[in-house]
Structure formats: structure tokens, C-alpha cells
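Novice: Residue numbers are given in full-length UniProt numbering: position 259 of the sequence shown equals residue 259, and the series is strictly consecutive.
Glycine is no exception: its CB is placed at the ideal position from the N, C-alpha and C atoms.
Next up is a structure, given as C-alpha cells.
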Amino acid sequence: MDILFDEIPSLDLADFTAGTAEQKKAFVKKLGEAYQNIGFVAIKNHGLSKDLQDRLYNSIKAFFALPDEVKAKYEKPEIGYQRGYTGKGKEHAKGRNTGDLKEFYHVGQELALIPDSDTVKTEYPENLWPTEVSGFKNDAIEAFQTLENAGKAMLRAIALNLELPEDYFEDKVAYGNSILRQIHYFPIENPDEVPADAVRAAEHGDINLITLLMGASADGLQVLRKDGKWIPITALPDQLVVNVGDMLERLTNKKLKSTIHRVVNPPRELMHTSRYSIPFFMHPRSEMDLTCLENCIDEKNPKQFTDATAGEFLEERLRELGLRK
1 MDILFDEIPS LDLADFTAGT AEQKKAFVKK LGEAYQNIGF VAIKNHGLSK
51 DLQDRLYNSI KAFFALPDEV KAKYEKPEIG YQRGYTGKGK EHAKGRNTGD
101 LKEFYHVGQE LALIPDSDTV KTEYPENLWP TEVSGFKNDA IEAFQTLENA
151 GKAMLRAIAL NLELPEDYFE DKVAYGNSIL RQIHYFPIEN PDEVPADAVR
201 AAEHGDINLI TLLMGASADG LQVLRKDGKW IPITALPDQL VVNVGDMLER
251 LTNKKLKSTI HRVVNPPREL MHTSRYSIPF FMHPRSEMDL TCLENCIDEK
301 NPKQFTDATA GEFLEERLRE LGLRK
């Protein structure tokens, strides 16, 4: 059944990870309703402490405050910007040519923490760590692991909602190609100088399985409801926003919705302010098969996607975003 939410539903992840059988079941049901309709929820008790969030924000603010030529040392176009720094306006949404008003830093799996016996270790580039900011590396690795664990719990609930074994995603996301993206929506001193259609982040869907976002509360993040209305996404300081990405929509043959969202510019008088946000894009291993699940295909909902692996789908999308030539 279709539900039009006026705001994204709030859930307590502890109901699933530490609750009674009834609480766990209720969590899975509410999560399914949200993901089949609006594709977004806000969760608390995700394991990311206020202290860690504060440390992480302090280290990224220190990095983005560095001169552009220092930041540029950490820019690697030859690896499609998959690690390190991406400069202002380099990325644009699919189908657009105007760059977004942001700069960001990518952290992936820390290779030293992947067992040598796992072949995935040879697939990923090394992380780049800015020597100018002490604490950056440790804070980022700790946040990456904490968000990855919260994501795995969410995927266990999603598996149950899809009537799959609870551990269905476990081996598929073990040392997956996930990315912690630390974003700075930089101040615009003169709003007249930016292209008329330039926004902080143009409307887009996420590529990955699920996205876990901290710092979503600064005004600007909006999600497109089924009836075409944009609704603001607000989360309390102790919540993460978790949404469905295109890979999960594809796997579930659109049963779970990867909803279009955007970050709009602030009012003119606030354009000179910075906004920071840190999404964790949870990706599976590249060999994961994204073929539509049999139990998500029926006469009313015939198969809508060709078969592809996660790696093939990612490459195609990176080219569309201008990050791969």
C-alpha cells in the first residue's frame, strides 16, 4: 500500500539489535514500510558517539580550511577520485553538466585491516592521509568502521523484510567497496558569480546499497515524494539518516525505493556560510550479483533490470557522474 509520509520515519536500531522478538519484528515491518514508500528513515542507537562525531568534524574542518594548493596534493583523478580529495565543482549529478557547489574527501577500506588472504585487497587503492591534520586518519577509520557496523545491522533487517536469511548480505559486504565521504559545501561570498543552476548537490539517487548520513540537519536536504512533492529531511543530533541506494533498488526490482534527493542552496543571506555533511556509502564487494531477486518479480511487477554485478554497475555510474573518463 502507498503511504505518503510528511517526514521520514524515526526508528530505534536498538529495537533490532538488542530488542525482544516482538521489537525486532516491529522494526523490520516499519523499516519495510518506509523503504517501500519513501526510501528513507532516521535511526538512533547506531553506535556513533557524539565524541567521535565531534572529533571527525573538527578534523575535516581543519582539512578544508587548508589552502587549495595544499588540498590539491591529495587529489587523484587517475583513480577516479575514489580516495583523497575532490576539488570544488568537479562532480555533477547524472544528466547535468554544472558542477555541484562542494568539495569532499574520500576514505575507503584501510588496506592494512583487510586479511592478506582476501583477494579484494588487490582491488582497492590505498587511502591518502593528510599529514597536516593530526587525528584525521584515526577519526576517519573509527567512523568508517562504526558506520559499517551500523550498516550491516540495517542490512540484516532489510534481509528479513525481503524474506531472505538474516545473514544474506554479510559475505557480500565483507570488506565491501564502501566510501566515507566528508563533504564541505563551501561559502559563496558572491551569489551572483555562481551559475544560475548551480546547487550544493543537484537531485540524484545514490549508487550503493544503502547510505548512512550524519550531519543531515543543516537545512537543505530534501527528498522527492512519490506525488512529486519535495519534503525536508530533518534528523535529531543523535540520529543517522539511512536511505536505499540504486543497487538495493535494482536487487529488489524496485520493491525498495532509491528515492531522488537533493541539497538546495541556503537563502542568499546565508550563502556565505559553510555546511558539512558526512555520508557513508555502503557498497558490496564488486562481484556481488545484482540480478533481481526471484521473490521480487511477479506478474504485477515484471523484471525491470538487466543482470549486472555491483562492480559493473558502479563503473557505469561513475562515468555518468564525470568522475571516470
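Less than 8 angstroms between the CB atoms is what I'm expecting for Pro9 and Ala34, so what's the real figure, rounded?
Specialist: Correct: roughly 5 angstroms between the Cβ atoms.
Novice: What separation, rounded to the nearest whole angstrom, lies between the Cα atoms of Ala310 and Gly220?
Specialist: Whole-angstrom Cα-Cα distance: 30 angstroms.
Novice: Label Asp68 either buried or exposed according to how many other C-beta atoms from any shown protein chain fall within 10 Å of its C-beta, with 16 as the threshold for buried.
Specialist: That one is exposed.
Novice: Look at Glu103 and His204 and say whether their C-beta atoms are less than 8 angstroms apart.
Specialist: For Glu103 and His204, no; Cβs fall outside 8 angstroms.
Novice: Looking at Arg268: is its Cβ nearer than 8 angstroms to the Cβ of Ala201?
Specialist: It is not a contact, given that the beta carbons lie outside the stated cut-off.
Novice: When DSSP labels each residue in this structure, what does Val41 get in the three-state scheme?
Specialist: It is a strand residue.
Novice: Taking Cβ to Cβ, would you say Ser49 is nearer than 8 angstroms to Phe136?
Specialist: No.
Novice: Label Pro279 either buried or exposed according to how many other C-beta atoms from any shown protein chain fall within 10 Å of its C-beta, with 16 as the threshold for buried.
Specialist: Label assigned to Pro279: buried.
Novice: For Leu4, does the count of other Cβ atoms within 10 angstroms reach 16, so buried, or fall short, so exposed?
Specialist: With fewer than 16 other Cβ atoms within 10 Å, it is exposed.
Novice: Quick one: is Leu236 buried, meaning 16 or more other Cβ sit within 10 Å of its Cβ, or exposed?
Specialist: It is exposed - the Cβ of Leu236 has fewer than 16 other Cβ atoms within 10 Å.
Novice: DSSP three-state label for Tyr35, please.
Specialist: In the structure shown, Tyr35 sits in a helix (DSSP, three-state: H, G or I).
Novice: Between the alpha carbons of Val107 and Glu299, how many angstroms are there, rounded?
Specialist: Roughly 42 angstroms separates the two Cα atoms.
Novice: Can you tell which of Thr273, Ala140, Leu209 has its C-alpha closest to the C-alpha of Asn190?
Specialist: That would be Thr273, whose Cα lies nearest to the Cα of Asn190.
Novice: Determine whether the beta carbon atoms of Leu251 and Met214 lie at a separation below 8 angstroms.
Specialist: No, Cβ-Cβ distance for Leu251 and Met214 is not below 8 angstroms.
Novice: Gly84 bridges to which residues according to DSSP?
Specialist: His106, per the DSSP bridge assignment.
Novice: Considering only their Cβ atoms, is the gap separating Gly245 from Ile210 smaller than 8 angstroms?
Specialist: In this structure, Gly245 lies closer than 8 angstroms to Ile210 by Cβ.
Novice: Quick one: complete alpha helix (DSSP H) runs, 4+ long, within the region 144-186?
Specialist: The qualifying runs are 170-173.
Novice: What are the uninterrupted segments assigned as alpha helix (DSSP H) that are 4 or more residues long and contained completely in the UniProt domain "Fe2OG dioxygenase" (175-284), given in chain order?
Specialist: You should have 246-251.
Novice: Using 10 angstroms around the beta-carbon of Leu113, count the other beta-carbons present and answer buried if the total reaches 16, otherwise exposed.
Specialist: That one is exposed.
Novice: Among the residues of its own chain, which have a CB less than 6 angstroms from the CB of Leu56, if the five just before and after it don't count?
Specialist: Taken in chain order, the residues that qualify are Asp139, Ala143.
Novice: If you compare alpha carbons, which of Arg285, Asn45, Gly176, Asn243 is closest to Asn37?
Specialist: The residue with the shortest Cα to Cα distance from Asn37 is Asn243.
Novice: Can you give me the Cβ contacts of Val28 inside the same chain, cut-off strictly under 6 angstroms, excluding the 5 residues immediately before and after it?
Specialist: Result list for Val28: Ala157, Leu160, Asn161, in chain order.
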